[in-house]
Every structure is written in C-alpha cells, then in structure tokens.
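Going by UniProt numbering, the sequence shown runs without a break in its numbering and finishes at 246.
Below is one structure, written out as structure tokens, with a few remarks after it.
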Amino acid sequence: MKIAVLGGTGLIGSQVVKILQAAGHEAVPLSPSTGVDLLTGQGLSDGLVGAEVVVNLTNSPTFDEASPAFFQTTMDNLLTAAARAGVGHAVILSIVGVDQVPDLDYYRAKVLQENILKAGPVPYSIVRATQFFEFVEAILSWTADDTTVRLPSTPVQPMAAADVAQAVAEVTMGAPLQGVRNVAGPDVFALDELGRITLAARGDQRTVTTDNGAGMFAAMSGDVLIAGDDAVIAPTSYREWLGRQV
C-alpha cells in the first residue's frame with residue numbers, strides 16, 4: 001500500500017515509516033520539511049494522491065488552551081483532503097485515559113481530535129498509548145531545582161517510543177478498527193518511584209520528594225493512566241530501556 005505519514009519525520013513518525021517500508025509498503029513521510037503543512041493545508045492534497053492509508057502523528061505545539069484549535073483545524077483539513085483523495089483508512093495516535101482528564105486543556109483537545117475522526121467520512125483507527133519512556137526526563141524537569149525533584153505518586157504505565165511506533169504500524173497495516181486499540185508498557189510505577197529509579201540509574205544525586213500537587217500529572221487521580229485488560233502490552237521494560245541509555 002501507499003501510506004502517507006503526517007508527522008513522519010518526528011520521534012514516532014520516523015520509526016513508523018521505517019517499519020512500514022521494511023514490511024514492503026510505500027510509506028511517505030509528510031511534514032513541513034517535505035512541503036506539507038497540515039495546519040494550513042499546504043501540499044496536503046498532493047501528498048495524499050494515491051494513498052490508501054493516512055497516519056496523522058502531528059501534535060499541537062502547545063499543551064494549553066490553544067491546543068483544541070490546532071486539532072480542530074488540522075483534522076478538518078486532513079479529513080477533507082483524505083475523503084477527496086479516496087483514502088480508505090485514517091489512523092491517529094492518542095493517549096490512554098485521555099477522556100478521563102477533563103481538567104487538562106491538552107487532554108480535552110485530544111478527545112476533540114478523536115471525536116472529529118470518529119464523526120468524519122473516512123474509516124478510522126485510534127491507537128491510545130501510555131506515556132513514552134523518552135519523556136520521563138522532561139517530566140522530571142517540570143518540577144525540579146538543583147537539589148530536589150517534586151513528583152506526585154500518580155500511577156503510570158509507560159512504554160518505549162519504539163513499541164508505540166510498532167503498535168501504530170501494525171494498526172496501519174490492518175483493516176480500520178472503527179474504534180480504539182490501547183497499548184501500554186509491561187510495568188506500573190508510581191511517578192515519584194519512576195523518578196527515583198531514573199535519577200539513580202543516571203547517578204543524579206537529587207532527591208525525589210513526593211508532592212501530589214506537583215506538575216501536570218497531579219491532576220490525574222486514581223488509575224486514569226493505567227491501561228485496562230483489553231490493552232496490548234509492549235515488550236520493553238523501563239529498566240531494560242534505561243539500561244541502554246546510560
């Protein structure tokens with residue numbers, strides 16, 4: 001198949017393209033660097049010519065109240081162009097538990113993206129993944145100073161970006177789900193515990209202090225970020241992945 005991958009040069013998209021190409025598909029990365037801008041629609045129609053599947057891995061540049069407008073515009077542009085081009089399957093990447101955190105602008109924006117896709121004219125699949133291992137460092141930095149990292153004890157079930165890409169690619173190569181596939185890492189951690197594991201592995205002497213009011217994940221109570229029994233469990237553990245980074 002010819003598969004157009006929007007955001008195909010990013011962390012997940014570049015890996016999805018490689019997996020699809022290795023499986024014999026014509027996977028074409030589309031991004032501003034290749035002349036396609038999903039926000040303005042520039043180059044989109046040309047990029048979708050002959051495509052049987054389109055994968056949208058683009059993301060809002062902000063996580064604030066501006067993010068819903070980004071997803072509204074980009075999804076409207078995508079679905080209009082995809083329907084015109086006769087694309088038979090549209091895939092997006094979302095977040096496990098995204099519909100259970102209404103207090104966060106970005107999560108509401110991702111729910112909006114999902115709903116636009118569901119209501120649109122193109123058969124669809126939604127892959128919901130848990131937080132990426134690669135983002136743990138950024139999460140620690142949000143509430144850190146020179147001596148202390150403050151983190152809530154929110155349960156998380158993170159996974160490797162490579163496993164996310166594999167899950168997206170597998171859904172992309174299949175028939176439209178007309179629904180959601182949840183994917184998650186093999187282990188559940190309290191976020192503060194995950195911080196201590198990470199700092200210890202890196203020889204970082206800072207102390208992790210449990211603060212259930214610190215950072216974005218403080219708003220996520222209970223097991224919101226934990227995948228249910230229907231989830232596909234990825235193979236790579238955090239400790240295994242972390243050992244390869246240090």
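Heads up, the beta-carbon is just placed ideally off N, CA and C, and yes, glycines get one too.
These numbers come from a predicted model, not from an experiment.
**Message:** Which residue wins for smallest C-alpha separation from residue 224, given the options 99, 41, 57 and 68?
**Reply:** 99
**Asked** For residue 157, is the classification buried or exposed, using 16 other Cβ atoms within 10 angstroms of its Cβ as the cut-off for buried?
**Response** buried
**Asked** Where DSSP assigns a beta bridge to residue 128, which residues make up the other side?
**Response** 94 and 182
**Request:** Answer with buried or exposed for residue 64, where buried requires no fewer than 16 other C-beta atoms within 10 angstroms of its C-beta.
**Result:** exposed
**Prompt:** Just to confirm, are residue 82 and residue 122 a CB contact at a threshold of 8 Å?
**Reply:** yes
**Request:** Along the alpha helix (DSSP H) that carries residue 234, what are the first and last residues, could you check?
**Result:** First-last for residue 234: undefined, no H or E at that position.
**Asked** Could you give the residue range of the alpha helix (DSSP H) that holds residue 68?
**Response** 67-85
**Message:** If distances are taken between C-alpha atoms only, which option among 48, 38, 84 and 91 comes closest to residue 69?
**Reply:** 38
**Prompt:** CA-CA distance, residue 195 and residue 116?
**Reply:** 36 Å
**Message:** If distances are taken between C-alpha atoms only, which option among 141, 203, 66 and 173 comes closest to residue 108?
**Reply:** 66
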